[in-house]
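Peer 1:
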Amino acid sequence: MQVPNFLLKYFDSTIKDIFANIEDEIIFAIKNEIFEYSVRELKYILNAKTFLERDTPINFLEIYFPIDIKKKNSWINALQARRDELVQFSIVQGNAGSGKSMFAKSKFIDVLKNEKRIPIFLELRYLKNEKLLDFINSIFLFNKIATNVNISDRLLKSGKVTLILDGFDEVDILFREELLNEINMVCKRYNAIDILITSRPEVNLNSLGAFTTYDLLELEEKQIEPFVERQLINSSPNDTEQILCNIRNADKNFKVYFKNPLFLCMYILTYKNFPETPDSKFIFYEQLFDTLYYRHDKVNKLSFKRKKITSLKKNKFEELLNSFSYTTLKISQTTFSKSQLEKNLDFCKNHMKDFSAIENEDIIEDLVVNINILYKEGHFYSFPHKSIQEYFSAKFIYCLTEQNKEIVYTRISNEILKNNINVNYLILLFEIDTVCFKKYLILPLLKQLIELKYSVAPYRIQEEIYLNISSILNNGLVSVPKQYHFNNTAQLRNELLLLKNQIVKEIEDQKKII
Numbered sequence: 040m041q042v043p044n045f046l047l048k049y050f051d052s053t054i055k056d057i058f059a060n061i062e063d064e065i066i067f068a069i070k071n072e073i074f075e076y077s078v079r080e081l082k083y084i085l086n087a088k089t090f091l092e093r094d095t096p097i098n099f100l101e102i103y104f105p106i107d108i109k110k111k112n113s114w115i116n117a118l119q120a121r122r123d124e125l126v127q128f129s130i131v132q133g134n135a136g137s138g139k140s141m142f143a144k145s146k147f148i149d150v151l152k153n154e155k156r157i158p159i160f161l162e163l164r165y166l167k168n169e170k171l172l173d174f175i176n177s178i179f180l181f182n183k184i185a186t187n188v189n190i191s192d193r194l195l196k197s198g199k200v201t202l203i204l205d206g207f208d209e210v211d212i213l214f215r216e217e218l219l220n221e222i223n224m225v226c227k228r229y230n231a232i233d234i235l236i237t238s239r240p241e242v243n244l245n246s247l248g249a250f251t252t253y254d255l256l257e258l259e260e261k262q263i264e265p266f267v268e269r270q271l272i273n274s275s276p277n278d279t280e281q282i283l284c285n286i287r288n289a290d291k292n293f294k295v296y297f298k299n300p301l302f303l304c305m306y307i308l309t310y311k312n313f314p315e316t317p318d319s320k321f322i323f324y325e326q327l328f329d330t331l332y333y334r335h336d337k338v339n340k341l342s343f344k345r346k347k348i349t350s351l352k353k354n355k356f357e358e359l360l361n362s363f364s365y366t367t368l369k370i371s372q373t374t375f376s377k378s379q380l381e382k383n384l385d386f387c388k389n390h391m392k393d394f395s396a397i398e399n400e401d402i403i404e405d406l407v408v409n410i411n412i413l414y415k416e417g418h419f420y421s422f423p424h425k426s427i428q429e430y431f432s433a434k435f436i437y438c439l440t441e442q443n444k445e446i447v448y449t450r451i452s453n454e455i456l457k458n459n460i461n462v463n464y465l466i467l468l469f470e471i472d473t474v475c476f477k478k479y480l481i482l483p484l485l486k487q488l489i490e491l492k493y494s495v496a497p498y499r500i501q502e503e504i505y506l507n508i509s510s511i512l513n514n515g516l517v518s519v520p521k522q523y524h525f526n527n528t529a530q531l532r533n534e535l536l537l538l539k540n541q542i543v544k545e546i547e548d549q550k551k552i553i
């Protein structure tokens, strides 16, 4: 890759004033290592493999579509937000597939172009039970940006570093609180550092008191077609127009999903096999898996049809992915080393029929190469997106006995109370398993809301619990009063009782249909 001019300017103007009073030889060596690190990271970001371009990297700048953000009620242009409108300590949050990682990568590029700071890009999913500062120091030392922790410390104190922490929601739940404390400590110790964190909105980052939160907005309707055109930059005009025409004519209830960038990319991928838009999000993910599963089962010029190494049928792969996804999502594991992947596969195989004789190596080869349902990046494996893991996990729950579903939904309810669950997962469960979802999740939660006023919890805790539960239920599940009206608790209680009775009736009616 040819080094961009902005990177050469950055090298001259940014790094030279950080290391005053250090011997020239050391300065020269460190400056070169910082430059080399920046080139490597920039190359990694620019040569992007996307959900659509799985085999050949494509230039990030060609496909990146800037999406606007807002701070409270204030809308901010995407370009301004990336360059200069974000405050020193910022959180950019967005729903599944909204483009958080793309935003973080664009921020890295813009920091380099601005020629004032050294951007350090960290994907938090790779942070495995390790102190954040140790993780940063290890990156500095490994890349020879610093020859020892003292120089690393000096770099962080210089006011010339922008730390980009991508994907807080992908950190193991068990380590999140500790990581939040470490981020606060880094802010205090290195008060000249800039920090940007990306995360899903349902993850509670309130303890980061010094941070300002911004919301990554959905695509506006007028932005959908330009976004699609940019993703299909290498496609024929005819193919692009066919997809755009189908999007224009889609059912309005499904069309709302097109405001999500990842969902749009998934739709583009499945279009040739399923040109008709589906009735629900869940059916769409089924179509997506069909597309991925049969994608390589095409006859090539030599009339050779690529076979799955394991010879497993599609339904068996689904059964394995359902179990694997539920097992790993339950412990918030979204990225796997080879040993973790094999350990989880062994656990699933031991609880399933017809899998004991199949080698893990063959399963992994099929999942990564022949189906592309898992990515391999360096020494780690992951789903193309967490929402796909959530889909298979939801399907696993749907296939359980009703007795086991009650146990699982009780566990999910407890996670909601701790604010450790995500809305996309709940919507998928709601769509596929409506009756049991209402019976074992929504009704118990409503009961808690009805009884909340009479609990011994302090007012603030009651209000926090109510707002947490109601905000989740209001995301396409059921309509709950959004405010906890302590001044009129009788009215609120009556509204909730009416809603509860309505849902009980819906459950009975749906059971009759089934």
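Read in order, the letters of the sequence shown are residues 40 to 553 in the numbering used here. Built from N, CA and C at the ideal position, the CB exists for glycine as well.
1. Go through its chain and collect everything with a Cβ distance to S246's Cβ below 6 Å, but skip five positions before and after it.
2. Can you pull the DSSP bridge partners for P158?
3. Given K388, which residues of its chain have a CB within under 7 Å of its CB, disregarding the five upstream and five downstream residues?
4. Let me know if N443 comes out buried or exposed under the rule of 16 or more other beta-carbons within 10 Å of its beta-carbon.
5. Using only CA atoms, which one of D211, L308, F179 lies nearest to L202?
6. Report the partner residues of S362 according to the DSSP bridge assignment.
7. Quick check on the burial criterion: 16 or more other C-beta atoms within 10 angstroms. Buried or exposed for N533?
8. On the three-state DSSP scale, how would you describe K170?
9. Evaluate G248 with the Cβ neighbour count: other Cβ atoms within 10 Å of its Cβ, from every protein chain shown; 16 or more gives buried, anything less gives exposed.
10. Under the DSSP definition of a beta bridge, which residues are partnered with I236?
11. DSSP three-state label for T374, please.
12. Given a threshold of 16 other Cβ atoms within 10 Å of its Cβ, counted over all protein chains shown, does V242 qualify as buried or as exposed?
13. Among all the DSSP beta bridges, which residues are the ones paired with T251?
14. On the DSSP letters alone, give me the boundaries of the alpha helix (DSSP H) that E325 sits inside.
15. Kindly indicate which residue of Y365, V188, L351 has the alpha-carbon position closest to the one of K392.
16. With L166 and P158 assumed to form a contact (beta carbons below 8 Å), what rounded beta-carbon distance in angstroms separates them?
17. Any heavy atom of the ligand NAD inside 8 Å of the beta-carbon of I232?
18. Any idea if A529 is buried or exposed, counting beta-carbon neighbours within 10 angstroms, 16 or more meaning buried?
19. Assuming F142 contacts I190 (C-beta within less than 8 Å), just tell me the rounded distance between them.
20. Apart from the five residues just before and just after N312, which ones in its own chain have a Cβ nearer than 8 Å to its Cβ?
21. Run the CB neighbour count on T449, radius 10 Å, all protein chains shown included, and call it buried at 16 or more, exposed below.
22. Can you name the residues that DSSP bridges to S421?
23. Okay, do the region 504-511 and the region 466-481 touch, 3+ Cβ pairs below 8 Å being the bar?
24. Based on the DSSP secondary-structure assignment, which residues constitute the bridge partners of I446?
25. State yes or no: is the C-beta of D254 within less than 9 Å of the C-beta of G133?
26. Within the continuous alpha helix (DSSP H) that includes K88, where are the two ends?
27. Tell me where the alpha helix (DSSP H) around I148 begins and ends.
28. Near L468, what residues of its chain come up, given a Cβ to Cβ distance below 6 Å and the 5 sequence neighbours on each side ignored?
29. Would a C-beta distance cut-off of 9 Å place S129 and F323 closer than the cut-off?
30. With 16 other CB atoms within 10 Å as the buried threshold, where does N461 fall?
31. Under the three-state reduction of DSSP, which class applies to I348: helix, strand or coil?
32. Determine the DSSP secondary structure at K183, reduced to helix, strand or coil.
33. Short of 6 Å in beta carbon distance, which residues of its chain neighbour D211, apart from the five on each side in sequence? Order them along the chain.
34. For N98, which beta-bridge partners are listed by DSSP?
35. Alpha carbon to alpha carbon, how far is K457 from N540?
36. Which residue's Cα is closest to the Cα of I436: L368, E80, Y229?
Peer 2: Concretely, from the data shown:
1. Hits under 6 Å: L219.
2. Partner(s): T201.
3. Only F394, S395 meet the Cβ criterion.
4. Result: exposed.
5. Out of D211, L308, F179, F179 has the C-alpha closest to the C-alpha of L202.
6. BP columns for S362 are empty, so no partner.
7. By the neighbour-count rule (16 or more Cβ atoms within 10 Å), N533 is not buried but exposed.
8. In this structure, DSSP gives K170 a state outside helix and strand, which the three-state scheme calls coil.
9. Exposed.
10. Secondary-structure assignment with DSSP links I236 through a beta bridge to I130, L204.
11. In the structure shown, the three-state DSSP call for T374 is strand.
12. Burial call: buried.
13. T251 pairs with S129.
14. 320-333 is the extent of the alpha helix (DSSP H) around E325.
15. Of Y365, V188, L351, the residue nearest in Cα terms is L351.
16. The C-beta distance from L166 to P158 rounds to 18 Å, too long to meet the 8 Å contact threshold.
17. Only the bare structure without any ligand can be found here, which leaves the ligand NAD out of the picture.
18. Around the beta carbon of A529, fewer than 16 other beta carbons lie within 10 angstroms, which makes this residue exposed.
19. That belief does not hold up - the Cβ atoms of F142 and I190 are roughly 30 Å apart, past 8 Å.
20. Within the same chain, Cβ atoms closer than 8 Å to the Cβ of N312 are found at Q326, D329, T330, Y333, the five residues on either side in sequence being excluded.
21. Exposed: under 16 other Cβ atoms inside 10 Å.
22. DSSP, once it has assigned bridges, lists T374, Y414 as partnering S421.
23. The region 504-511, when compared against the region 466-481, does not touch it at the 8 Å Cβ threshold.
24. Looking at the DSSP assignment, I446 forms no beta bridge with any residue, so it has no partner.
25. For the pair D254 and G133, the CB atoms are nearer than the 9 Å cut-off.
26. Per DSSP, K88 belongs to no alpha helix (DSSP H) and is neither H nor E.
27. Annotation for I148: the continuous alpha helix (DSSP H) segment containing it runs 139-153.
28. Short of 6 Å from the beta carbon of L468, and not among the five residues preceding or following it, lie these beta carbons of its own chain, in chain order: A433, F476.
29. At a Cβ-Cβ threshold of 9 Å, S129 and F323 do not count as neighbours.
30. Counting the other CB atoms within 10 Å of its CB gives N461 a total of 16 or more, which places it among the buried residues.
31. I348 falls in the coil class under three-state DSSP.
32. Under the three-state reduction of DSSP output, K183 falls in the coil class, being neither helix nor strand.
33. For D211, same chain residues with a beta-carbon under 6 Å away, outside a window of 5 residues either side, are S371 in chain order.
34. In the DSSP output, where bridge partners are listed per residue, N98 has N86.
35. Cα to Cα, the separation comes out at about 26 Å.
36. Nearest of L368, E80, Y229 to I436, Cα basis: L368.
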